[in-house]
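Notes to accompany the following structure.
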Amino acid sequence: MKKSKELHHYLTGFALAAVLTIIPFTLVATVGGARSYIVLVFCAILQVIVHFRFFLHLSFRGQQKEDLQLVLFTGFILFLMIGGTIWVLGDLYTRM
Amino acid sequence: MSAPTGQSLHPGLNLGEEHGDDHLEAETSVFGFWVFMMSDLVTFGMFFAVFATTVPLACCPGPKELFDFGSIAWQTAFLLLSSVTSGMAVLTMKQEHGGRGACTKKLVFWLLLTVLLGCGFLYREISDFISMAAAGGPPTRSGYLSALWSLVGLHGLHVTGGIIWCLVIVVGVLVRGVDRRWKLALLRWAVFWHFLDVVWIFIFSFVFLGGLL
Chain A
1 MKKSKELHHY LTGFALAAVL TIIPFTLVAT VGGARSYIVL VFCAILQVIV
51 HFRFFLHLSF RGQQKEDLQL VLFTGFILFL MIGGTIWVLG DLYTRM
Chain B
1 MSAPTGQSLH PGLNLGEEHG DDHLEAETSV FGFWVFMMSD LVTFGMFFAV
51 FATTVPLACC PGPKELFDFG SIAWQTAFLL LSSVTSGMAV LTMKQEHGGR
101 GACTKKLVFW LLLTVLLGCG FLYREISDFI SMAAAGGPPT RSGYLSALWS
151 LVGLHGLHVT GGIIWCLVIV VGVLVRGVDR RWKLALLRWA VFWHFLDVVW
201 IFIFSFVFLG GLL
């Protein structure tokens, strides 16, 4: 029972990831246009969550505190560094 | 720091009580690997930041001339499937090596299938690099191309490393059996391999598909 549940977990993750991959690819191949970019961002973030949840077995419940702190702190650092880089250089670009 | 039964000791797939001391031993080893993985993620993040601040110049071919949509789709499929087969490998290790019955053949099968899919990915990626260089887009032509090659190349290097690591595990498991050492190696390698797929999501979404829009 427990074994098949774990297998099911991976397969659910695969199905969700496959759908979230097919959507942006189909969109770029058929519709295109700048507005599709929002869908790309949305699908990418959703798929990252799917991978973390179903493949890397990370969740907000049943997880030890340090584990989540590690991941969330890394997310925060990434936000600061990437966001800061784009902000500063974007600002310089508009002043050129 | 022992956790109550049923709770996970570390992020990622846990071995579980039926593995005895191996399960407890995995806590520090796998958590430590997550710390490394997170710092690696920051490295990738900075490569992304550099890429995001560059624009394709008029001097050289842009994304639409350089990127092969079909090849990107193949690479994505290879990597996603290999993520699932690597998951099947750790599941086999967890479920069939917790004491009594052991099926090393099945474990090796999933690992080799993962290696095969990883090689398929690398093959497509390297042929893309070659055709990009031939189409007038080598990394030396512009800042955009340098950022593109180094970001995608860094990921490709990681995949190469992951394949070599997996082959080492296959040999180790065949020679020494699935003992604690190789169980812990497999847990860490699986985290590494899944992370490469997470990074690839950003690459195919923002670098390739975003460039083709």
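Line by line, the protein sequences give chains A and B. So the first sequence is residues 1 to 96, counted in my numbering. So the second sequence is residues 1 to 213, counted in my numbering. We put the beta carbon where it would ideally sit given N, CA and C, even for glycine. Keep in mind it's a predicted model, so treat the numbers as computed, not measured.
Distance, Cα to Cα, B/Thr205 vs A/Ala44? Within the second sequence, residue 205 of chain B is the residue found at index 205, counting from 1. Within the first sequence, residue 44 of chain A is the residue found at index 44, counting from 1. It should be noted that the sequence gives Ser, not Thr, for residue 205 of chain B. Distance between the alpha carbons of B/Ser205 and A/Ala44: 7 angstroms.
For B/His158 and chain A, any beta-carbon pair shorter than 8 angstroms? Looking up residue 158 of chain B in the second sequence gives position 158. No, because no Cβ of chain A sits closer than 8 angstroms to the Cβ of B/His158.
Check whether the Cβ of A/Ala29 lies closer than 8 angstroms to any Cβ atom in chain C. Among the chains of the structure shown, chain C does not appear; the protein chains present are A and B.
Does B/Gly12 come within less than 8 angstroms of chain A when only Cβ atoms are used? Translated into the one-based positions of the second sequence, residue 12 of chain B becomes position 12. Output row for B/Gly12: interface = yes.
Interface partners of A/His51 on chain B, CB under 8 angstroms: Here residue 51 of chain A is taken as the residue at index 51 of the first sequence, counted from 1. The contacting residues are Ser83, His194, Asp197, Val198 and Ile201.
So A/Phe76 contacts chain B; which residues on that side make the cut at Cβ distance below 8 angstroms? Taking the first residue of the first sequence as position 1, residue 76 of chain A is located at position 76. In chain order: nothing, as chain B lies at least about 11 angstroms away.
When the Cα of B/Val214 is compared with those of B/Thr140, B/Asp21, B/Tyr144 and B/Ser83, which residue comes out closest? In the structure as shown, chain B starts at 1 and stops at 213, and residue 214 of chain B therefore has no counterpart that could be examined.
Hey, does B/Ser205 have any beta-carbon neighbour from chain A nearer than 8 angstroms? As a working mapping, residue 205 of chain B is identified with position 205 in the second sequence. Interface residue, yes.
Rounded to a whole number of angstroms, what is the C-alpha to C-alpha distance between B/Arg176 and B/Ala89? Locating residue 176 of chain B in the second sequence gives position 176, where the first residue counts as 1. Locating residue 89 of chain B in the second sequence gives position 89, where the first residue counts as 1. Using only the alpha carbons, I get a separation of about 17 angstroms.
Whose CA, out of B/Gly137, B/Leu167 and B/Phe195, lies closest to the CA of B/Cys59? Against the second sequence, residue 59 of chain B aligns to sequence position 59. When only C-alpha atoms are compared, the closest one is B/Gly137.
Looking only at C-alpha atoms, which of B/Phe202, B/Ala133, B/Arg188 and B/His194 sits nearest to B/Thr28? Residue mapping note: residue 28 of chain B aligns to position 28 of the second sequence, counting from 1. The candidate whose alpha carbon is nearest that of B/Thr28 is B/Arg188.
Checking 8 angstroms against the spacing of the C-beta atoms, do B/Gln75 and B/Phe121 come in under that value? Mapped onto the second sequence, residue 75 of chain B falls at position 75. Mapped onto the second sequence, residue 121 of chain B falls at position 121. Going by C-beta atoms, B/Gln75 is nearer than 8 angstroms to B/Phe121.
Let me see if you follow: with CB-CB separation under 8 angstroms, is A/Gly23 close to chain B or not? For the purposes of this step, residue 23 of chain A is taken as the residue at position 23 of the first sequence. Looking at the sequence shown, residue 23 of chain A is not Gly but Ile. With 8 angstroms as the cut-off, A/Ile23 does not count as an interface residue toward chain B.
Return the residue from the list B/Cys166, B/Asp128 and B/Ile163 that minimises the CA-CA distance to B/Val152. Counting from 1 along the second sequence, the entry for residue 152 of chain B is found at position 152. Closest by alpha carbon: B/Asp128.
Please go through the same chain and pick out, in chain order, the residues whose beta-carbon is closer than 8 angstroms to the beta-carbon of B/Thr92, but skip the five residues on each side of it. Here residue 92 of chain B refers to the residue found at position 92 of the second sequence. Around B/Thr92: Cys103, Lys106, Leu107 and Trp110.
Does the pairing of the stretch 166-176 of chain B with the stretch 7-16 of chain A give three or more beta-carbon distances under 8 angstroms? no
Starting from B/Thr76, find everything on chain A with Cβ-Cβ shorter than 9 angstroms and list it in chain order. Mapped onto the second sequence, residue 76 of chain B falls at position 76. Result: Thr21 and Phe25.
Is the beta carbon of B/Thr43 sitting closer than 8 angstroms to the one on A/Thr85? The count along the second sequence starts at 1 and reaches residue 43 of chain B at position 43. The count along the first sequence starts at 1 and reaches residue 85 of chain A at position 85. Going by C-beta atoms, B/Thr43 is not nearer than 8 angstroms to A/Thr85.
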